[in-house]
Amino acid sequence: MEIKVNEHTPHWITDLAARRSLSLVRISKYVQSIEAFGLAPRSVFHVNEADYPPPTPNEEQPLQQRPTQHDASLTA
546 MEIKVNEHTP
556 HWITDLAARR
566 SLSLVRISKY
576 VQSIEAFGLA
586 PRSVFHVNEA
596 DYPPPTPNEE
606 QPLQQRPTQH
616 DASLTA
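Counting from 1 along the sequence shown, just add 545 to a position and that's the residue number in the working numbering.
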């Protein structure tokens, strides 16, 4: 189910979703499509991945970057 809202989700929608055990997930279809086609603009502060490779799955993430329970509830 998709419910479109501008900025803030009305409380009655949040309450209804909770009663039906639904999760609220905020997404931008525009951003997803730009990223999917590799068209996202690079930041002027972009670091070359060869100089700083992304962490491997078995490396520990710093505490500030770990998903919180609040984050998990929004993405479930």
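Note that the Cβ used here is the ideal one computed from N, Cα and C, for glycine as well.
This structure is a prediction, so every number in the text was calculated from the model and none was measured.
Through-space distance from residue j to residue i, alpha-carbon basis
| i | j | result |
| --- | --- | --- |
| residue 557 | residue 595 | 48 angstroms |
| residue 570 | residue 578 | 17 angstroms |
| residue 568 | residue 575 | 21 angstroms |
| residue 550 | residue 586 | 26 angstroms |
| residue 548 | residue 573 | 12 angstroms |
| residue 581 | residue 603 | 25 angstroms |
Collapsed DSSP secondary structure at residue i in the structure displayed
| i | result |
| --- | --- |
| residue 560 | helix |
| residue 572 | coil |
| residue 578 | helix |
Other residues of its chain near residue i: CB distance less than 8 angstroms, five sequence neighbours each side excluded
| i | result |
| --- | --- |
| residue 546 | 567 |
Chain-order list of residues whose beta-carbon lies under 7 angstroms from that of residue i (same chain, five-residue window excluded)
| i | result |
| --- | --- |
| residue 554 | 569 |
| residue 552 | none |
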